[in-house]
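If you're matching them up, the sequences are chains A and B in order.
Residues are numbered in our numbering as their position in the first sequence, beginning at 1, plus a constant of 893.
Residues are numbered in our numbering as their position in the second sequence, beginning at 1, plus a constant of 838.
Each residue gets a CB set at the ideal place from its N, CA and C atoms; glycine is no exception.
Everything below concerns the one structure shown next.
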Amino acid sequence: MNVRKFSLKKNLALNAVFITLITASLLAALVIAYNFTSRYVYNEFERQKIDVLEATFKPYNDFFQNKIPEISFYQGYLDSASAAKYCDTVLKTFPFVHRIIFYDTQISNHDVPYSYTANKLSVSPKAIFQFGYKLPADSAVIFKASLANTSPRLSIDEFNRMAAKLSVYLQNADTSKNIVDEDLFGVFYNITPNRVTFMNIPREEELKIFKSLMLRNSEYSPEFEQDILSFKLNPSKLTVINNHPKLYQDIKIKPITFEPVNTDSNLVITELPLSGAFASNKLYFTSSQSFLSLELGRRFLPFAVTILIVYGVLIFIGFLIYRNLRINNKLFKLQYDFVNNLTHEFKTPLSVIKIAGNNIKSASQLSERELTHYGKILDEEADKLNDLMNKLLSFTQIENQSIQIKNSRVNLEVFIQNMVDAYQIKYPDFNVSYHINQVEFFNTDPVLLSSLFQNLIDNAYKYSLPGKKQLHIDVGLQKADIILRFKDQGIGIPKNEMENIFRKFYRIQSEYNQQGSVGLGLAFCKELVKFMHGNISVKSKVGIGSEFTIILPYT
Amino acid sequence: MFRLLNILLCIAALQFSLSCNQEKTARKVPLEDFFRNPERSNFQISPDGKYISFLQSYKNRMNLYVQALNEKDVEFGSQARRITNMLTQNVGFYRWANNDQLIYMNDIRRGACLYSVDKTGSNYRELLSDCKLGLKLINANNLRNSELLVALNKRDSTFFDAYSLNISTGNLKLVAKNPGNIFRWFADDEGELRMALASDGVNETLLFRTHDTGQFKPVITNNFKSKIEPVGFCDYDRNCIYAISNINRDKSALVKFDCGTGKEIKEVFSHQDVDVHEAGYSFTKHKLIYAGFETWKKERHYLDSSAKKIYTSLQSLLPNTEIVISDQDSAEHKFIVSTFTDRTQGAFYLYVPSQKKLHKLSEINPSLKASEMCSMKPISFKNREGILINGYLTLPLGYKLKDLPVIVLPHGGPVHRNSWGFNSEVQFLANRGYAVLQINFRGSDGYGKKFMIGGFKKWGTAIQNDITDGVKWLISQNIADKKRIGIYGSGFGGFCALSGLYKQPDLYACGASQGGYINLFTYLKAVPPYYKPTLRMYYEVIGNPETDMDYLRAASPVFHADKIKAPVLIAQDAKDARSKINETNQFVRELRQRKISVTYIVKEKEKYSLKNPENRIEFYRELEAFFAKNLAAK
């Protein structure tokens, strides 16, 4: 008994250590995952602003890369009406363009008022128009050479800048070579904060002509049409596209010099400067700590769930191992009991034989009566031993399926009557009755069948109180099955033991089986029935009796 | 096991033969064979009829060869002597100047380069070699006393004076000064400079004088829509000329014209449906030989009985073949004849009427077998306005003539037309299994003045409608598979292809443009503002950028990249003045941004021209792959 206590203690300690370790590592995993997610969220907060910038800046890029070069497609032919149409589409599609100034330009070597002159080359505005959203129609014309009361003075500065760029380029350019794209960008675009100005790119042949107009004293030249369009941009009309609404609570466009005065310590801030004509502005991203925590929670939840699931599985496996160990432990105990009982069982007949042998040996003379008496004792006890051995052997045989069924036609009436008669002789106080219904013959192995009967009748006798040792055997047919019922008025089986009684080496702990039982009977029966392709079941009530039912195929 | 294999093989063989019976397609002729430079071309005969000259490829460039004509044995090749040594350029134009000397030019149109060489290959002389100048030949077909009349812009780069160039000495002498507006000079049969055409860019004026000592007097001035094209001088009356004219008539006619009065004397020949587009004239007889007109194919109306006899006997020797007399000796005893049909590029023959015999000189492209080529059928249909539109349909050989993939091939110009005859591009595409549709849409040449003017300012509108109607007609004939129609053209044809892609995005499965105009503003801008009259003409034909802004914008593909849905192939010459490379780049970029598949063939550095065989093969290979991918049966 000491051994078993010790093993239980050891298990407990092990379990405790296991559970502690698991819990500790679970907590550690959760903490690490949380920290990791937290760092990730803050990194994302810094990283995804590029994404926002790209989305927000896409219309500007469209405008700059597709819509502005379109001016060149008109080859300088734009006039107020067609420019108005072009500007209309720009203003409609790109809300951040709030005003467009169109300089209908001519290049020649004439002396024209308001012209920008470089050597002989004169770049002059024929007319200046402005277009804008909700701009009154009468304010469209800023200047027209033919109208006396207009003056380009207020908007000529940008024009002059473009003209200057062109003339500087013409002075330096080697027009015999191809124009390079980089040159084009520097010369025909003027990008200043919140303003893009573009002059349609002349053809190479025209650039050559311009250069010769500039440097040579040529005749009165024709007028070359050029278009300059200046787009005034309003950064606040640039629609911020927050494609990470879970990261950024608020995104605003602020001047690049903007610095928040009272920074809330609860606020996480990052910024990204814009480029191109919006270079004087920046995207200003803010999120409160709690807002980010929410996002953190959202991102952490799947991690946590995964970790918990993994640990749940671990603990379940631990439990399965523990249970397995316990069952093995029980089995060990059962075997231990079995050996105990078996020894006991063997010991009784052996001691009887020993006593009888001793008596014979020590007696100087044996009377006839004594001789038969001892002979009978020896014979009986030897039979008992043999019986025991047979039982053990056949059980193992059946369990290993190493015997073969030898079917023969059994007359049930005769078979049971013989059985009952034998027990009547063995236990005169045992009252066995039987009733056979509708069947006469049964095709089966008589040895196996008698083993079944013996075990069940033995049990009925063994587990019945003296004076109530009664058994009724009922045989009947049900469809293709033969049904054998053994109904006694014994002590019954408690409910919680019901499922164990057919297990090997199991015995109900009770006063009735202190000796003479190895706990094989019912397990043996079960194996037998299984071997005969049948089924055994039990119904029982403590103190009233048990009924074992065996169903065997009747073929 | 072997038996099973045998059976399987038999089944496979059976299936193979069955499928062969179902669709017996023609052999896929290698691409190179279609676009080969002819081995020998441009045969000419010396004025005395003793030598034959021709162009032949030498180190992949066309060079001039001369061979003595042996009456009995006209076998060519080994005895021919190469007399030029052009290694970077092809010999383009050449003529026999007299019995011993030949003059020739390269095939690049820029620069005044004229060379002469003896028929033996000796005495090579650079008569003119100034790459900055331009050169026009005035009477190269009727050279007198080794004096060649040429026009050179030597005095002023903007206009051409007439000079007399002595072939033997190389002496250059100014014959007539150009007041600045003459763009073409004419010499009479004796080599006297007697006629000129002047232009202010829009209006053409015919100038005339009865003797080369007199002053040029204006005879008649026409708007560019009408024209008078001098053909030759009448025999007796020094004021009389023959000309093709459409003044006061819709279809051009061959007329006799009095330059003294400026009035037409009489109509020599006209056709009720089509223009007279050429006239045969003999410098020696001073008379008209035939009037050429083009219905569904080129035809001739003979005006000279001896010429008619020669043509008739030739026709009986070469039945079912089109014949062109390309050269003859001065005695008119020997003729160089070239032939063609719709299925062959033809051959050169030497014809000696006295022997009634034809000697084959050379096959133009022997690698193409006429039996493997496809026949070109004239078609016509009524467009949506009820006007009859003509065209040609070439169906692939050996295919079921139902639900075919179609390639529409709009011609360039648009004042130009498709003609019946051998067309390498058409045959190449037809050989690849496509039906090829060519349409002489409104604005095409040859169907009269009104029809041509019908295309003015109708680029991408009425012209495109005619193309669309043609395609729909072909679909209604059950010949076209409406899901597999491609459109391809070069120049104006490329413009039509791109227009089709954005105006009828559901009609075409793909489109290819070879140097197609993509922006009409750019096209207009190619005319320098100095040439105000020319500009006015352009404005009338294409559109005025000031008043027709909306039309020009709507008609320019560059503004409509967003409407194109089908895959596009674009080949672009970096130096093309009419479609600028940066605009094409922008166009391609926009298409690619919209995930439209674009095959873009561009050579940034060099002039991209399909004249160069390497470029030509490369381009057609790309084109073949492009159509194979996008017009494959689904």
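Between the alpha carbons of residue i and residue j, how many angstroms are there, rounded?
{"i": "B:Ile-1402", "j": "A:Asn-959", "result": "16 Å"}
{"i": "B:Pro-1366", "j": "B:Val-1040", "result": "15 Å"}
{"i": "B:Leu-1156", "j": "A:Lys-1101", "result": "57 Å"}
{"i": "B:Asn-1382", "j": "B:Ala-1466", "result": "40 Å"}
{"i": "B:Glu-1132", "j": "B:His-1139", "result": "11 Å"}
{"i": "A:Gly-1438", "j": "A:Asp-1381", "result": "5 Å"}
{"i": "B:Asn-880", "j": "B:Ile-1305", "result": "35 Å"}
{"i": "B:Ser-1108", "j": "B:Lys-866", "result": "44 Å"}
{"i": "B:Ala-1025", "j": "B:Glu-1263", "result": "38 Å"}
{"i": "A:Leu-1271", "j": "A:His-1365", "result": "34 Å"}
{"i": "B:Cys-951", "j": "B:Phe-931", "result": "11 Å"}
{"i": "A:Val-1133", "j": "A:Phe-1124", "result": "20 Å"}
{"i": "A:Glu-1097", "j": "B:Asn-1420", "result": "12 Å"}
{"i": "B:Thr-1232", "j": "B:Gln-1315", "result": "14 Å"}
{"i": "A:Tyr-1026", "j": "A:Val-924", "result": "56 Å"}
{"i": "B:Ser-884", "j": "B:Gly-1293", "result": "44 Å"}
{"i": "A:Gln-1408", "j": "A:Asn-1352", "result": "Since pLDDT at A:Gln-1408 reaches only 47, below the 50 mark, its modelled position is unreliable, and the value read off the structure follows with that caveat. Spanning the two alpha carbons is a distance of roughly 13 Å."}
If I follow the unbroken alpha helix (DSSP H) through residue i, where does it start and stop?
{"i": "A:His-1237", "result": "1182-1255"}
{"i": "A:Asn-1348", "result": "1339-1355"}
{"i": "A:Glu-1098", "result": "1097-1108"}
{"i": "B:Arg-1454", "result": "1451-1468"}
The beta strand (DSSP E) with residue i in it runs from where to where?
{"i": "B:Cys-1348", "result": "1348-1352"}
{"i": "A:Val-1133", "result": "Premise fails: A:Val-1133 is in no beta strand (DSSP E) and is neither H nor E."}
{"i": "B:Val-1069", "result": "1066-1071"}
List, in chain order, every chain A residue whose beta-carbon is nearer than 9 Å to that of residue i.
{"i": "B:Ser-1394", "result": "Phe-966"}
{"i": "B:Tyr-932", "result": "Ordered by position in chain A, no residue passes the 9 Å Cβ test against B:Tyr-932, which lies about 33 Å from the chain."}
{"i": "B:Lys-1401", "result": "Under the 9 Å cutoff, chain A gives no residues; its nearest Cβ is about 14 Å from B:Lys-1401."}
{"i": "B:Lys-1089", "result": "Under the 9 Å cutoff, chain A gives no residues; its nearest Cβ is about 36 Å from B:Lys-1089."}
Three-state secondary structure (DSSP) at residue i?
{"i": "A:Leu-1271", "result": "helix"}
{"i": "A:Asn-1012", "result": "coil"}
{"i": "B:Ala-1081", "result": "strand"}
{"i": "B:Asn-980", "result": "helix"}
{"i": "B:Leu-1152", "result": "helix"}
{"i": "B:Asn-875", "result": "coil"}
{"i": "B:Phe-1054", "result": "coil"}
{"i": "A:Asp-1322", "result": "coil"}
{"i": "A:Glu-1306", "result": "helix"}
{"i": "A:Ile-1049", "result": "helix"}
{"i": "B:Cys-1097", "result": "coil"}
{"i": "B:Pro-1371", "result": "helix"}
{"i": "B:Phe-1107", "result": "strand"}
{"i": "B:Ala-1198", "result": "First, the residue type needs correcting, since residue 1198 of chain B is Lys and not Ala in the sequence shown. Strand at B:Lys-1198."}
{"i": "A:Ile-1329", "result": "strand"}
{"i": "B:His-890", "result": "Note on identity: in this sequence residue 890 of chain B is Ile, with His being the wrong assignment. If DSSP states are grouped into helix, strand and coil, B:Ile-890 belongs with the strands."}
Interface residues of chain A around residue i at Cβ under 8 Å?
{"i": "B:Phe-1397", "result": "Glu-963 and Phe-966"}
{"i": "B:Asn-1357", "result": "Phe-966 and Gln-968"}
{"i": "B:Tyr-1368", "result": "Pro-1115"}
{"i": "B:Lys-1418", "result": "Arg-1096"}
{"i": "B:Glu-1428", "result": "Asn-959"}
Can you find a C-beta in chain E that's less than 8 Å from the C-beta of residue i?
{"i": "B:Gln-905", "result": "Protein chains in the displayed structure are A and B, and chain E is not among them."}
Give me the chain B residues within the contact set of residue i, using Cβ-Cβ distance strictly less than 9 Å, ordered along the chain.
{"i": "A:Thr-975", "result": "In the sequence as displayed, the identity of residue 975 of chain A is Ser instead of Thr. Here the neighbours are Pro-1383, Glu-1384, Met-1387, Asp-1388 and Arg-1391."}
Which chain A residues are close to residue i, counting only those with a beta carbon under 7 Å from its beta carbon?
{"i": "B:Asn-1424", "result": "The question names Asn, but residue 1424 of chain B is Gln in the sequence shown. Ordered by position in chain A, the residues that pass the 7 Å Cβ test against B:Gln-1424 are Pro-962."}
{"i": "B:Thr-1360", "result": "Gln-968"}
Residues of chain B with CB under 7 Å from residue i, in chain order?
{"i": "A:Asp-972", "result": "Glu-1384"}
Interface residues of the segment 1314-1331 of chain B facing chain A [CB-CB below 7 Å]: none
Positions along the segment 1379-1392 of chain B whose CB lies within less than 7 Å of some CB in chain A: In summary, the residues of the segment 1379-1392 of chain B whose CB is separated from some CB of chain A by less than 7 Å are Pro-1383, Glu-1384 and Met-1387, in the order they occur in the chain.
Where the segment 1071-1092 of chain A meets chain B: residues whose CB sits under 7 Å from a CB there: none
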